[in-house]
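In order, the protein sequences belong to chains A and B. Numbering follows this note's numbering, in which position 112 of the first sequence is assigned residue number 109; successive positions increment by one, without gaps. Offset between the second sequence (1-based) and this note's numbering: plus 140. To start, the structure itself, in structure tokens.
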Amino acid sequence: MKIDEIAKLVDGQVTGAPADDVYEVQKAFASDLMSDVLRFSMDETVLITGLCNNQTMRTSEMADLRVVVIGRDKQPDAEMIALAEEMGITIIKSRYSIFKISGILYGAGIKPLY
Amino acid sequence: MHYTFDIERGNFSDAGQASSSVKRTLKQLGVDAADIKRTVVALFEAEINAVAHAYGGRIDVDIDPEKIVMVVADQGPGIPDIELAMQEGWSTASAKVREMGYGAGMGLPNIKKNTDELKIDTTVGVGTTVTMTVYLR
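In structure tokens, the structure reads:
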């Protein structure tokens, strides 16, 4: 699934690095715990999280994530957006809860990481 | 090649910068992607540990064609029971650290999983030095 399609499904707004229109997301992982994100391979994976700070971006960079959905209507600040741009990570902001975002994407065919 | 970075206590805004810089260097050197991931995840966890628990410290990274050796040395409370600290889920992180998304008790287990050699020298009340080696494929 393309990044823009994910944004549309979760009624989200794209910020940070521009959405790569070639990149295909196959799987999702939902977590607010960044060490759990670092436990798994995040190839072709979107991270769904309510954690909205610089560490979300730094962890995503280490995990080779390209796209992160920030739920619960959290608003990334300018520093976090600048980091995302620098790291090539697209942020999708959504006002939906993590559960709702996960349900929508699962229903649309995105697979769980495990 | 040798790189040195300083660790500042409680500075979560910059925590991870050293790992980020090492990641860029390894990419430029054309190191295998899986080896980069193992190296930077281990270094990142150690960096976060030092920022979260210690009063300051230093990171030294040596890169050669066969291996990467990373030493994260902090001045801090030390680890009273390493066996317990190595257990998944065990954590002494503060509420502030947990708010940042850490403190799940996965730091040291993640480091062990991603490195080929791990040595922890710690003295309670003095500090901890974590030495991590990743052999390149």
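C-beta: ideal position from N, C-alpha, C; glycine also.
- Per DSSP, the continuous alpha helix (DSSP H) segment holding Tyr103(A) begins and ends at Ile95 to Gly104.
- The continuous alpha helix (DSSP H) containing Ala190(B) extends over residues Ala173 to His193.
- Three or more Cβ pairs closer than 8 Å define a contact, and the segment 243 to 261 of chain B falls short of that threshold against the segment 165 to 173 of chain B.
- A direct Cα-to-Cα measurement between Thr255(B) and Met54(A) gives close to 23 Å.
- Rounded to whole angstroms, the Cβ separation of Val264(B) and Gly218(B) is 4 Å, and the two are in contact under 8 Å.
- 7 Å or more divides the Cβ of Ile199(B) from the Cβ of Met141(B).
- Short of 6 Å from the beta carbon of Gly229(B), and not among the five residues preceding or following it, lie these beta carbons of its own chain, in chain order: Gly245.
- Ile0(A): member of the alpha helix (DSSP H) spanning Ile0 to Leu6, first to last residue.
- The contact set of Ala244(B) on chain A, defined by CB atoms closer than 7 Å, consists of Leu30, Ser32 and Asp33 in chain order.
- Put simply, of Met(-2)(A), Leu6(A), Lys90(A) and Ala79(A) the residue whose alpha carbon is nearest the alpha carbon of Lys24(A) is Met(-2)(A).
- Counting the other Cβ atoms within 10 Å of the Cβ of Ser231(B) gives 16 or more, which makes it buried.
- Between Ile88(A) and Ala81(A), the beta carbon gap of about 5 Å places them in contact (Cβ cut-off 8 Å).
- Rounded to whole angstroms, the separation of the alpha carbons of Ile260(B) and Leu224(B) is 13 Å.
- Look at the segment 11 to 38 of chain A and you find these whole runs of beta strand (DSSP E), each 3 residues long or longer: 24 to 27.
- For Tyr143(B), the beta-bridge partners assigned by DSSP are Val201(B).
- At a cut-off of 7 Å between C-beta atoms, Leu102(A) does not count as an interface residue with respect to chain B.
- Val34(A) has its alpha-carbon roughly 17 Å from the corresponding atom of Phe96(A).
- As computed with DSSP, Val274(B) is found in a beta bridge with Ile208(B).
- Taking 7 Å as the Cβ-Cβ cut-off, the segment 58 to 71 of chain A approaches chain B at Glu58, Met59 and Asp61, given in chain order.
- Rounded to the nearest angstrom, the gap between the Cα atoms of Val64(A) and Leu276(B) is 28 Å.
- Going by DSSP, Glu257(B) is part of the beta strand (DSSP E) stretching over Glu257 to Thr263.
- Annotation: Cβ neighbours of Phe152(B) in chain A (cutoff 8 Å, chain order): Asn50, Asn51 and Gln52.
- Chain-ordered listing is empty here: chain A has no CB closer than 7 Å to the CB of Phe145(B), the nearest sitting near 14 Å.
- Nearest neighbour of Asp8(A) by Cα position, chosen from Ser32(A), Leu110(A), Ile98(A) and Asp61(A), turns out to be Ile98(A).
- Interface residue (Cβ-Cβ distance to chain A less than 7 Å): Gly197(B) is not classified as such.
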